[in-house]
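The next block holds one structure in the form of C-alpha cells; read it before the comments.
Residue numbers (this note's numbering): 91 to 395.
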C-alpha cells in the first residue's frame, strides 16, 4: 500500500492525513479512559509499572516523584529497583545518592555519586551533589574541587557556583566566595540563596551596607526567609541601627516562632538600647527553646527560666 502511495504522491498524502486523524481520535479515547491514572505522577507511574516489565526508567521516575514529596526512603527503594534492572544507570546512582544525602547518610551518598561518576565521568550534577556532601562532612577543599569540576562541565551552573562559594566562605576566603555568589546571580538573577549567601559574606567582611542590599534582595525574592532577616538584622546592628535590627529579628520570629537564635540576637539588640527587661525575656525564651548560650548566660546571672 505504501509503495503505491509513494508512486502517487497525492494519494499518499491523503492516506497520511487519514491516518493522522485516526491516530488523534484513538489517542483522545485513550486519554479519556486514562484520566483516572493521571491524577498525579505517582498514580501514573504505578499504572505504568503494572502494565510493563523491567521498566527501569519508570522506577527512577517514580523515585524522583517520591523524592519531590520528601519520601526519601521510598525513593531509594525505587532507585534500587531501577539499578537491579539496569546496573549501569548513572542517573539512578546519582538520584539515590541525593536521597541518602537528604537522610543524612553522607558517606553512602558519596559512594553512590562515585559510582555515578565512574559510569558517566562528565556528570555535572553528580559532581555538584558530591561536593555538597563533602561540604557537610567538613571536607571543604574536596567540595571546592567537585564544584569546580561541575562548573568546567557545565559553565552556566548557578548552583555549583553557589555551593563552591559556600565552601570558600567557611574557609574564610570571603572575597572568592563573593565572586562565586556574584557569578551565580549573573546566571540566575532571582537566586535568593545566592543573594543571602553573598550578603552573609559581606557581613563577615564588615561591609554591612552591601550586606543589607543583598539580604533585602534575598527577602524580595523569598519573603518567608527567616535566616535572611536574621542576617540583615545583624548588619543593621553592625551599623548601630538597633531598632531596625529588632524589627528584622521580630520578622524572623513571626515566620519561624521557635527560632531560638532570633530571640538570642534580639536580646542583644534590646540590651544595646538599654531595654534589659525585654532582653532578659528574649534570653529566657531562647533558653526554653534549648539555646545553650542563653542558658549559660542566665545561669551566670542567677536567673532561672
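Built from N, CA and C at the ideal position, the CB exists for glycine as well.
Within the same chain, and ignoring the five residues on either side of residue 288 in sequence, the residues whose Cβ sits closer than 6 Å to its Cβ are 268, 271 and 304.
Two segments are said to touch when three or more pairs of C-beta atoms, one from each, lie closer than 8 Å; by this definition the segment 197-213 touches the segment 166-182.
In the three-state reduction of the DSSP assignment, residue 281 falls in the coil class. Residue 183 and residue 202 have their C-alpha atoms roughly 5 Å apart.
A straight-line Cα-Cα distance of about 13 Å links residue 148 and residue 185. Listed in chain order, the alpha helix (DSSP H) elements of length 4 or more contained wholly in the segment 285-354 are 298-311, 316-328 and 332-345. Under a 10 Å Cβ-count criterion, residue 373 is classified as buried, with 16 or more other Cβ atoms of the shown protein chains found around its own Cβ.
A Cβ-Cβ separation of about 4 Å places residue 190 in contact with residue 199 under the 8 Å criterion.
A buried status is given to residue 354, since no fewer than 16 other beta-carbon atoms sit within 10 Å of its beta-carbon. Three or more beta-carbon pairs separated by less than 8 Å are not found between the segment 157-165 and the segment 135-145, which leaves the two stretches without contact.
Residue state for residue 133 is assigned as helix, using DSSP reduced to three classes.
Close CB contacts of residue 230 within its chain, under the 6 Å cut and outside five residues either way in sequence, are with 257, 260 and 261 (chain order). Ranked by Cα distance from residue 145, the first of 166, 173 and 368 is 173. Straight-line measurement puts the Cα of residue 163 at about 32 Å from the Cα of residue 280. Within the segment 191-246, the complete alpha helix (DSSP H) segments of 4 residues or longer fall at 196-209, 214-226 and 230-243, listed in chain order. Rounded to whole angstroms, residue 297 and residue 384 show a C-alpha spacing of 28 Å.
Of the residues 322, 225 and 222, the one whose Cα lies closest to the Cα of residue 300 is 322.
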